[in-house]
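Asker: Starting off with a structure, shown below.
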């Protein structure tokens, strides 16, 4: 008998895709339970603690949703660029650079600036800076063909180090000299809560998700990105500029990641700090992939992913080592990836046809 | 600080990056982009340290790290070669997996003193040479092993038949297939060998460099190794040169933190490897250069016989 993977002629339907995702999640949960049990802990207690930490109370839900905002924003940008088959691995760096610019503008604002104006200025600064950072990879990609997977990855570390320099160097807050923090931005530049403990970033995420749906359905740009990605030759014959799609696709991705960074500063930390993001930009790649790029899917997947992260802290309280939640994350991911990824193939069993000699 | 001491420290700092980068080079030459190096190094670091502690032998530790790395690579290869999952996404997931798994396994090892460390080789009179003695001939055994490995891999790729096939594997796997050679099995082999080396690079940190197990002790060296392979345009000797360069940066930063009064902020020093890699990346982007410098054309693409 031989197992073979064959590419499917058609993409799986939405219903089948949903079923596969659900199957993936169930499989992942079973695997997670197995991992916990193997490590010598009670799986049910652990999973219950995980749930409590992620969605168990209003506070927990708010924390989870807040965490989902930067992940979701970065993921939507990544998915958008991937419409043109561009990989934005550097959302993390664009996020940091956006946070840098947002803080810079925030610190420069007078204390008396009206709040709506101040918040808009801070968010806009982050968005522009994120796009500018992506531009450093987009221009060479468009004109030289420089591999954007590797360049955005390298630029990420440069941006993180830049922020690290600022918060211990020129921007260091003398009052928190032991922590790598900048001075706080004025209260007027802080994005406030909308409901419970959920901050205004959630509205931005919802709006951007709708925007992605609109780009997909109605906008010529969305169509051009997809053609450039799926059939680059056809795109050129059709008069779609490859330089244009590369630049706009990556710039949009960078802008959204930068916006995520600005929201983190404005709504969450209130200042620039080293370790501002625990890897939101990287988580976003996984989220975008798991959601197969669909806007609604991305929002749901980022809430799930954020819940998993926050649930991890609750596990710690239940006496289970926090490292296991990272293992859990990876196991969940790989299981879901495998099940979703296999959707593009069908598995066929062959009886070995005897060729002897 | 004397220049000899700096160069000697650069060699030591460069060794874990060199080992991991040589591994990534094998994997990428075979057409598989493995972004899980950071996680693999951590798995190697913790397994190596655990094995060395249990057996009270540093060589058992080295063996354990190689084995653990290879196993981790086997799992990665199963997903990206056989199941053809996306290499980038799976690689990132493996970095997360390696980070968590190593922290979990390493819990009881924190604060444990190393039972054995990698010995220095006694090179007799060579070690007493002025300048060259302290720089080259007073290092530990793994430093020499890493340099020897560079030569071996360079020779293997350029001068042997299996090495030629390895080049084809990353360039045009359909040719390898047409020769009747098993593309998938070969890719498994090189991914596993590469991951074993990444594991060894991690173990160098826990058995010689530090030496102890500390959570997340690789501190981004896996990503530097990935950068280094590009910086070196997929050539073993250039990997060695780059590892020395990046090792010098690492050593300088460390000295500055200790010595105080830095001429340049260590954050900017740390940017150097990434900026240098970006410059090289821009250089190899021109298609003429790409052909001349040998960027593996099939890098990152799963091989599917029916989709040639």
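Protein chains in written order, with our numbering: chain Z, 197 to 553; chain F, 668 to 975. Glycine included, each C-beta is placed from N, C-alpha and C at the ideal position.
1) Should residue 892 of chain F be flagged as near chain Z, meaning a C-beta pair shorter than 7 Å?
2) Taking the alpha-carbon positions, what's the residue 237 of chain Z to residue 516 of chain Z distance?
3) Name, going along the chain, the residues of the region 900 to 919 of chain F whose beta-carbon falls closer than 8 Å to a beta-carbon of chain Z.
4) Please name the residue in F:835, F:855, F:854 whose C-alpha comes closest to that of residue 846 of chain F.
5) Does the ligand MN have a heavy atom nearer than 6 Å to the CB of residue 781 of chain F?
6) Buried or exposed for residue 795 of chain F, going by 16 or more other Cβ atoms inside 10 Å?
7) Give me, in chain order, the residues of the same chain whose beta-carbon lies closer than 8 Å to that of residue 673 of chain F; leave out the 5 immediate sequence neighbours on both sides.
8) Measuring only the C-alpha atoms, how far is residue 253 of chain Z from residue 390 of chain Z?
9) If distances are taken between C-alpha atoms only, which option among F:726, F:723, F:933, F:863 comes closest to residue 362 of chain Z?
10) Should residue 255 of chain Z go down as buried or exposed, given a rule of 16 or more other Cβ atoms within 10 Å for buried?
11) Under DSSP, the alpha helix (DSSP H) around residue 699 of chain F begins and ends at which residues?
12) For residue 213 of chain Z, decide whether its Cβ has a neighbour in chain B, counting only Cβ atoms nearer than 7 Å.
13) Residues of chain F with CB under 9 Å from residue 176 of chain Z, in chain order?
14) Cutting at 8 Å between CB atoms, please list the residues of its own chain near residue 364 of chain Z, excluding the five before and the five after it.
15) Excluding five sequence neighbours on each side, which residues of the same chain lie with their C-beta closer than 8 Å to the C-beta of residue 227 of chain Z?
16) If you measure between the beta carbons of residue 885 of chain F and residue 705 of chain F, is that distance less than 7 Å?
17) Classify residue 797 of chain F as helix, strand or coil using the three-state DSSP reduction.
18) In terms of residues, what are the limits of the beta strand (DSSP E) holding residue 390 of chain Z?
19) Between the region 815 to 827 of chain F and the region 743 to 755 of chain F, do at least 3 Cβ pairs fall closer than 8 Å?
20) Along the chain, where does the alpha helix (DSSP H) that runs through residue 937 of chain F open and close?
21) Report the rounded CA-to-CA distance for residue 861 of chain F versus residue 892 of chain F, giving the unit in angstroms.
22) The alpha helix (DSSP H) with residue 231 of chain Z in it runs from where to where?
23) Taking its Cβ as the centre, do 16 or more other Cβ atoms sit within 10 Å of residue 353 of chain Z, making it buried, or is it exposed?
24) Have a look at residue 338 of chain Z and residue 685 of chain F and give me their C-alpha separation to the nearest angstrom.
25) Tell me, please, whether the region 484 to 494 of chain Z touches the region 774 to 788 of chain F by the rule of three or more beta-carbon pairs shorter than 8 Å.
26) To the nearest angstrom, how far is it from the Cα of residue 551 of chain Z to the Cα of residue 843 of chain F?
27) Please classify residue 807 of chain F: is it buried, with 16 or more other beta-carbons within 10 angstroms of its beta-carbon, or exposed?
28) Express the C-alpha separation of residue 251 of chain Z and residue 393 of chain Z in angstroms, rounding to a whole number.
29) Classify residue 670 of chain F as buried or exposed, calling it buried when 16 or more other Cβ atoms lie within 10 Å of its own Cβ.
30) Compare the C-beta of residue 353 of chain Z against all C-beta atoms of chain F and say whether one is closer than 7 Å.
31) Helix, strand or coil: how does DSSP classify residue 670 of chain F here?
32) Quick one: is residue 932 of chain F near chain Z, going by C-beta distance under 7 Å?
33) Any beta-carbon of chain F closer than 7 Å to the one on residue 216 of chain Z?
34) Does the CB of residue 862 of chain F have a neighbour CB from chain Z at under 7 Å?
35) Use the C-beta contact count for residue 279 of chain Z: other C-beta atoms within 10 angstroms, 16 or more gives buried, fewer gives exposed.
36) Just curious, the alpha helix (DSSP H) that residue 511 of chain Z is in, first and last residue?
Answerer: Result, derived from the coordinates:
1) For residue 892 of chain F, the closest Cβ of chain Z is not nearer than 7 Å.
2) Cα to Cα, residue 237 of chain Z sits roughly 7 Å from residue 516 of chain Z.
3) Listed in sequence order: no entries.
4) Of F:835, F:855, F:854, the residue nearest in Cα terms is F:835.
5) No copy of the ligand MN appears in this structure; indeed no ligand is present at all.
6) Exposed: under 16 other Cβ atoms inside 10 Å.
7) Within the same chain, residue 673 of chain F has close Cβ partners 915, 918, 919, 922.
8) Across the structure, residue 253 of chain Z and residue 390 of chain Z are spaced so that their CA atoms are roughly 17 Å apart.
9) Residue nearest to residue 362 of chain Z within the set F:726, F:723, F:933, F:863 is F:933 (criterion: CA-CA distance).
10) When all chains shown are included, residue 255 of chain Z counts as exposed.
11) Per DSSP, residue 699 of chain F belongs to no alpha helix (DSSP H) and is neither H nor E.
12) Here the protein chains are Z and F, and chain B is not one of them.
13) The structure shown does not extend to residue 176 of chain Z, since chain Z is modelled only from 197 through 553, so no value can be given for it.
14) Residues 376, 470 of the same chain have their beta carbon placed closer than 8 Å to that of residue 364 of chain Z, with the five preceding and five following residues left out of the count.
15) Apart from sequence neighbours up to five positions away, the residues of its chain that approach residue 227 of chain Z with a beta-carbon distance below 8 Å are 527, 528, 531, ordered along the chain.
16) Yes; because the gap between Cβ atoms is below 7 Å, this pair is in contact.
17) Coil, per DSSP.
18) Counting along the chain, the beta strand (DSSP E) containing residue 390 of chain Z begins and ends at 389 to 391.
19) Put simply, the region 815 to 827 of chain F does not touch the region 743 to 755 of chain F. Fewer than three CB pairs are less than 8 Å apart.
20) 933 to 950 is the extent of the alpha helix (DSSP H) around residue 937 of chain F.
21) Whole-angstrom Cα-Cα distance: 12 Å.
22) Secondary structure note for residue 231 of chain Z: its alpha helix (DSSP H) is the uninterrupted segment 210 to 234.
23) Burial check for residue 353 of chain Z: the Cβ neighbour count within 10 Å reaches 16 or more, so the residue is buried.
24) Counting only the Cα atoms, residue 685 of chain F lies some 32 Å from residue 338 of chain Z.
25) By the Cβ test, the region 484 to 494 of chain Z is not in contact with the region 774 to 788 of chain F, since fewer than three Cβ pairs between them sit closer than 8 Å.
26) Because residue 551 of chain Z carries a pLDDT of 49, less than 50, the predicted location of this residue cannot be relied on, and the following value inherits that uncertainty. Within the model, the alpha-carbon separation for residue 551 of chain Z versus residue 843 of chain F is close to 21 Å.
27) Around the beta carbon of residue 807 of chain F, 16 or more other beta carbons lie within 10 angstroms, which makes this residue buried.
28) The straight-line gap from Cα to Cα measures roughly 13 Å.
29) Looking at its Cβ environment, which holds fewer than 16 other Cβ atoms inside 10 Å, residue 670 of chain F is exposed.
30) In terms of beta-carbon proximity, residue 353 of chain Z lines the interface with chain F, with at least one pair separated by less than 7 Å.
31) Under the three-state reduction of DSSP output, residue 670 of chain F falls in the helix class.
32) Chain Z, which has a Cβ nearer than 7 Å to the Cβ of residue 932 of chain F, makes this yes.
33) The beta carbon of residue 216 of chain Z does not come within 7 Å of any beta carbon belonging to chain F, so the residue lies off that interface.
34) So no, residue 862 of chain F is outside the interface.
35) By the 10 Å Cβ count, residue 279 of chain Z comes out buried.
36) In this chain, the alpha helix (DSSP H) harbouring residue 511 of chain Z covers 491 to 513.
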